[in-house]
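Reminder that position 29 of the sequence shown reads as 28 in numbering that gives the first Met the number 0, one-by-one numbering, no gaps. Each residue gets a CB set at the ideal place from its N, CA and C atoms; glycine is no exception. Here is the structure we will look at, set down as structure tokens.
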Amino acid sequence: MSNSVDCDIGMIAESLAGRDKGRFFVILEVLDDKYVLVADGRLRRVDKPKKKQLKHLKVKPVAIPIIKEKLASGDKLYDYEIRSHLTSLGYNIK
0 MSNSVDCDIG
10 MIAESLAGRD
20 KGRFFVILEV
30 LDDKYVLVAD
40 GRLRRVDKPK
50 KKQLKHLKVK
60 PVAIPIIKEK
70 LASGDKLYDY
80 EIRSHLTSLG
90 YNIK
């Protein structure tokens, strides 16, 4: 299950394993070459993101520039922003 897409903050990823399988998340932080922190704004909120292995994620070649800019500059990111961007891009939140 290797990803052909490099991951970066603000990118969308689909969970391939675990009880959250099939859910879409936004990558909030890249911890190392194996782990990232993700949130979806509903089940996993920004203040308590999920640590996920990259091998359990399918990273989409889509990034949300507004979220990426906020995370890079250190501005506060709200859960509703993640939810609204995922919904507007067609990634349904179950």
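Should residue 23 and residue 49 be called a contact, given that it needs their Cβ atoms to be closer than 9 Å? Taking the first residue of the sequence shown as 1, we reach residue 23 at position 24. Taking the first residue of the sequence shown as 1, we reach residue 49 at position 50. Going by C-beta atoms, residue 23 is not nearer than 9 Å to residue 49.
Inter-residue Cα distance where the pair is residue 8 and residue 29: To locate residue 8, count along the sequence shown from 1; it is residue 9. To locate residue 29, count along the sequence shown from 1; it is residue 30. Rounded to the nearest angstrom, the two C-alpha atoms are 7 Å apart.
Going by other Cβ atoms of all chains shown within 10 Å of its Cβ, with 16 needed for buried, is residue 21 buried or exposed? Taking the first residue of the sequence shown as position 1, residue 21 is located at position 22. It is exposed - the Cβ of residue 21 has fewer than 16 other Cβ atoms within 10 Å.
Return helix, strand or coil for residue 12, following the three-state DSSP convention. One-based indexing of the sequence shown puts residue 12 at position 13. Reduced to three states, the DSSP call for residue 12 is strand.
Residues that residue 49 bridges to, as DSSP identifies them: Within the sequence shown, numbered from 1, the residue matching residue 49 stands at position 50. Per DSSP, 37.
Considering residue 26, what are the terminal residues of the beta strand (DSSP E) in which it resides? In the sequence shown, counting from the first residue as 1, residue 26 sits at position 27. Per DSSP, residue 26 belongs to the beta strand (DSSP E) from 23-29.
For the beta strand (DSSP E) containing residue 54, name the first residue and the last one. To locate residue 54, count along the sequence shown from 1; it is residue 55. For residue 54, there is no enclosing beta strand (DSSP E), as DSSP marks it with neither H nor E.
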